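Worksheet: the structure to be examined is printed underneath.
Residue numbers (the UniProt record's numbering): 1 to 103.
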């Protein structure tokens, strides 16, 4: 019974590590997209400067939206997620991945 609990804990850590890695990659992509969108907006505002920029030209709040940057919050959440699912090194044998395949 204890071995099954340990295997479940190891499995949870592996899933957690893969999930947080995926979230970190999405966070990085989001930051890159945010930067790219901001750069495009600057160019558009420059080209339309005489008409008040993109917001002045189109008179719409859709063109004047700000993109919130939640990357720091996401980093804190994934760090806490990693801490919560961590399996102490002395609790199991070094071959963590092989523990989940045994019955």
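We treat Cβ as the ideally placed atom computed from N, Cα and C, and that holds for glycine. These numbers were taken from a predicted model, which means no experiment stands behind them.
Practice task
Whole angstroms is fine: what's the gap from residue 71's alpha carbon to residue 38's?
Solution key: Translated into the one-based positions of the chain shown, residue 71 becomes position 71. Translated into the one-based positions of the chain shown, residue 38 becomes position 38. Distance between the alpha carbons of residue 71 and residue 38 is about 16 Å.
Handout entry: Residues near residue 31 by beta carbon distance below 8 Å, same chain, minus five either side
Key = For this step, residue 31 is matched to residue 31 along the chain shown. Result list for residue 31: 69, 71, in chain order.
Handout entry: 8 Å Cβ shell around residue 36 - same chain, five flanking residues per side excluded
Key = Position 36 of the chain shown holds residue 36. Excluding residues within five positions, none has a Cβ falling inside 8 Å.
Exercise for the section: Could you have a look at residue 48 and say whether DSSP puts it in helix, strand or coil? Expected result: Along the chain shown, one-based indexing puts residue 48 at 48. The answer is coil: DSSP assigns residue 48 none of H, G, I, E or B.
Handout entry: Whole-Å CB distance - residue 23 paired with residue 78, under 8 Å assumed
Key = In the chain shown, residue 23 corresponds to position 23, counting from 1. In the chain shown, residue 78 corresponds to position 78, counting from 1. Rounded, the Cβ-Cβ distance is 5 Å, consistent with contact.
Practice task
Determine, using beta carbons only, whether residue 66 and residue 57 come nearer to each other than 8 Å.
Solution key: Within the chain shown, numbered from 1, the residue matching residue 66 stands at position 66. Within the chain shown, numbered from 1, the residue matching residue 57 stands at position 57. Not a contact, by the Cβ cut-off of 8 Å.
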